[in-house]
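One structure is given here, and the rest of the page talks about it.
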Amino acid sequence: MSVTTPQDLLTDARIRLGARPETKEDAIREACQLLIASGCVAPEFTASVLEREKVANTFLGHGVSIPHSLGKDRDLILRDGIAVLQVPQGVEWNPGQTARLIVAIAAKSDSHIAILRRLTRLMQDDTRLSALFSTLNPSELASALRDDTASAATSPAVDLAQTLDWVLPYPAGLHARPASVWVEAARKSGVRLQVRHGNDTADPRNLVALLSLGLRQGDLLHLSADGEHARDALDRFRQLLDSLTLQERADAQRAAVQTVPTAGAWVPPGQPVAVPGIPASPGLAIGVLHVLAKSHAEIPDLPVPLDQGADQLNNALIATDQQLAALADDTARRLGEAEARIFKAQRELLKDSDLITLACQIMVEGHGVGWSWNSAIDRMACKLAALGNPVLAGRATDLRDVGRRVLMLLEPTLQLGSLQDLPDAPCILVSDDLSPSDTAAIDMTRVVGLAIAQGGPTSHTAILARTLGLPAMVGAGPALQALRSGTQGVIDGVGGKLYLDPSEADLASARSWMTSEAARRDAQKAERSQAARLLDGHVVAIGANVNLPSQVPMAIDEGAEGVGLMRTEFLFLERGETPDEAAQFAIYRDMIKALGNRPLIVRALDIGGDKQVAHLHLPQEANPFLGVRGARLLLRRADLLEPQLRALYRAAKLGADLSIMFPMITSVDEVLTLRAVCERIRAELDAPQVPLGIMIEVPAAALQADVLAAHVDFFSIGTNDLTQYTLAMDRQNPELAPQTDSLHPAVLRLIRATVEGAARHGRWVGVCGGMAGDPFGAALLTGLGVNELSMTPRDIPAVKARLRASALTELQQLATHALAAESAQAVRALNGEAA
Ligand code: PEP
Ligand code: MG
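Following numbering that gives the first Met the number 0, the numbering of the sequence shown begins with 0 at its first residue and continues without gaps.
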């Protein structure tokens, strides 16, 4: 084994004096170049160091900074080395922090720790450090950093009269927080205390001295004391040290949980107070909080003659319908058809006969029209919300939203608008619940982020925020109620946190995160049309999840190579009627046309579960997710299955690269029956054979993948359902959202079983669930052996970029570690690992 000596670590060639970088980034690039030129690191190392700056502050203090790469990029380090850039004029590292010695570290092992320790010592010696900032002699710098033994040699450490040995049990080593407790205790002890580690000693009344020992968990310390009652004082000191252990362990565990599930989230250097929530729309934004008061407007109850009241209500309903039509139209043009559908659905609520009847009944009882309408809305919304079904609770929000619009027409004097008085400065809206129409109408020049107490990530407000590109968190609970308008905040939609009163350093760090994030997105966009070719040439096919022909050009523009999942149930959900064979054929034909020669995988109807189609009048089920859904329904309803298959085989005759797949398969029998129906229809139409695949969404199918693979042409894993069925967690329950994690090792093991089962029969495996669209998830899936990934078009550039930066062997190794991990958090830690 070769040992890196301090001389090898820092050669004179890696010291540059008198550098004049204009920015921190220039400084990092220049320092990294010294490491690259001397063969210590690969050229990509610089990007990793810049990335790391986004998540950690590497400014050590006293004009010294120590940039280094992300832990996950250790492979970029070819051998340990250090480079030093001396910047006599200084360069701003963070606002208010000027770096004059930039010590870039490339370290796979801990051989650089000696140099770090030397640095911390130098930081206690301002005179010597200042001399190093301007020295013209590189050897002076080199020996100052390498020479760790000189002082020890001249003053061998001696313990005080009373001694005891103690092994440091703190997982994060001796960092500032526990060390400051040591200092306080030492000062109060009334005796002289000393801490020795090897040949290094520190007076525990001095924080910097303690920290510069560089103590890590497991280090053996020799504690000693002298003076009257030294023994007692020493024992008490040790007790205090022990008493901190529990807290330190808990903190370390919490830190792992906090940083891990949200790899890529911004980590504020100053640890400001944070209100946690559920991440709903990614991004970071700085703004003043604008807290929306709950509107408790008193509705006047002024009865009018019934016929007059009925007319007023009718007119208000018609006018609201027109407003919503205009809003849907505007939203479609600005944000897309999918988002506009939210308001089309709201228009349907206006026609609800139960609602209108109830409002009329209340009027008949002798109440005013506005009051009656409001009571009807209130009663129906409460009923929906009380059912405990998150989807219906979401509709309750829509109902109140529509109700408010009508009420404003009935009682124009009421001030019900919640977004009237936004401040001029960029603001973060803090609200109990924000209606979809308020969200769609948000003034994007003023609002930079959302923090919402209620709702889950699938609420319409969350969907709209994502489309608008507005960082948002939801489900933050009552903690938001206590916040005041005007407080400065940072909203983190990746980590799901609202940080309060950030320091200048936090703000600077947030700004630099935002800048680098924007640069990263731009770079990804530029490369999105290239294949997801890994560093070693392995290629992963990338598809889009798209339901309508009109969405195809946008998907191709984002880099899609085809459509990996067309969810056909939306054709039913949107129309309010069952599209017949001709209507379906027209859509599949248009899809094929829009795609050119690109592949199209159409999923047969997946109705049931969360996709309830009212006009089919299917029986109510106590547990619809465990009921007659997907293939189970198709096998019972030839009137749904056969027209769809006929339309698909007719489309296949157009010569397209078309595949058909079936959802929610649990058994070979289902596959054989469905195949037989396909074959009969194909033969009737004299259509070509098309690949027939199944979705792997149920643990039973994953575990029997080797058997199922004999009867199908491909698998596509639906990780959304596979996760909910594996973990027994409703995918729509916002309460469980943080734990309903596709990266759970149990889910990964089922994916591995699917890949292995498919391989037995030479079948390919795709993934079309949400995990495919998460860059880290995509990396893991590739490592697990998945051949194709299909996702929301917007996710494609980031996924491609992640894959293009990796080698297959590296991802296979990652997958092996993930499969062996204990928890989803531990899996995520493989991504967020620090250097
Ligand atoms: C899935 O379950 O992962 C999937 C892609 O299907 P859906 O989300 O439509 O149920
Ligand atoms: Mg599914």
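C-beta atoms are modelled at their ideal positions from N, C-alpha and C, and glycine is treated no differently.
Inter-residue Cα distance where the pair is Leu497 and Leu813: 32 Å
Out of curiosity, what's the CA-to-CA distance linking Leu499 and Ser484? 11 Å
Using the C-alpha atoms, what's the distance from Thr486 back to Ala151? Model confidence at Ala151 stands at a pLDDT of 38, short of 50, so the residue's coordinates are unreliable and nothing is read from them.
Helix, strand or coil: which one does DSSP assign to Asp668? helix
Below 8 Å between beta carbons: does that hold for Ala817 and Val798? no
Does the distance from the CB of Asp836 to the CB of Gln453 come in under 8 Å? It is not possible to answer for residue 836, since the shown part of the chain is limited to 0 through 834.
Comparing C-alpha positions only, which one of Ile555, Thr412, Val551, Ala507 sits nearest to Glu526? Ile555
Restricting to Cα atoms, I'd like to know which of Phe624, Val157, Ala475 is closest to Asn198. Val157
Helix or strand or just coil, what does DSSP make of Cys426? strand
Considering only C-alpha positions, which residue in the set Thr567, Leu779, Lys592, Val63 is nearest to Gln583? Thr567
Nearest-angstrom Cα distance between Leu673 and Gly756? 21 Å
How many whole angstroms separate the CB atoms of Leu233 and Ala224, which I take to be in contact at a CB cut-off of 8 Å? 4 Å
Quick one: is the Cβ of Pro774 within less than 7 Å of any heavy atom of ligand 2? no
Chain-order list of residues whose beta-carbon lies under 8 Å from that of Val861 (same chain, five-residue window excluded): Given a span of 0 to 834 for the chain in the structure shown, any question on residue 861 remains unanswerable.
Just to confirm my understanding: we take Ser502, look at its own chain, exclude 5 residues before and 5 after, and list those with CB closer than 7 Å. What are they? Gly269, Pro271
Have a look at Pro662 and Pro411 and give me their C-alpha separation to the nearest angstrom. 50 Å
Alpha carbon to alpha carbon, how far is Ile680 from Glu641? Give it in angstroms, no decimals. 8 Å
How about Trp265 and Trp92: are their beta carbons less than 8 Å apart? no
Relative to the C-alpha of Leu615, which candidate in Pro578, Ala621, Glu183, Asp521 has its C-alpha closest? Pro578
Quickly, what does DSSP pair Leu222 with across the bridge? List them, please. Leu163, Val194
Counting pairs of beta carbons, one from the stretch 681-700 and one from the stretch 631-641, are three or more of them closer than 8 Å? no
Out of Leu634, Gln322, Ile441, which has the shortest C-alpha to C-alpha gap to Val401? Gln322
CA nearest to the CA of Leu547, picked from Leu69, Phe569, Leu219, Glu557: Phe569
Using 8 Å for Cβ pairs, my map puts Val405 next to Ala315. What's the rounded Cβ distance? 5 Å
So, with DSSP's three-state summary, where would you put Ile606? coil
In terms of alpha-carbon separation, which member of Ala701, Pro20, Gly95, Gln85 lies closest to Ala867? The structure shown does not extend to residue 867, since the chain is modelled only from 0 through 834, so no value can be given for it.
Limits of the beta strand (DSSP E) - the one that Val538 falls within: 538-544
His760 to Leu533, Cα distance in whole Å? 25 Å
Using the beta-carbon count (16 or more within 10 Å), is His174 buried or exposed? exposed
Whole alpha helix (DSSP H) elements within the stretch 684-717, 4-residue minimum: 698-702, 704-707
Sorted by chain position, which residues of the same chain lie with C-beta nearer than 8 Å to Ala804's C-beta, five sequence neighbours on each side aside? Glu43, Leu534
Continuous beta strand (DSSP E) stretch holding Leu818: start and end: Per DSSP, Leu818 belongs to no beta strand (DSSP E); it is in the alpha helix (DSSP H), 807-819.
When DSSP labels each residue in this structure, what does Pro435 get in the three-state scheme? helix
Rounded to the nearest angstrom, what separates Leu644 and Arg520 at their Cα positions? 40 Å
Give me the residue from Ala26, Ile600, Arg19, Ser37 with the minimum Cα distance to Leu8. Ser37
State buried or exposed for Gly558, treating a residue as buried only when at least 16 other CB atoms are found within 10 Å of its CB. buried
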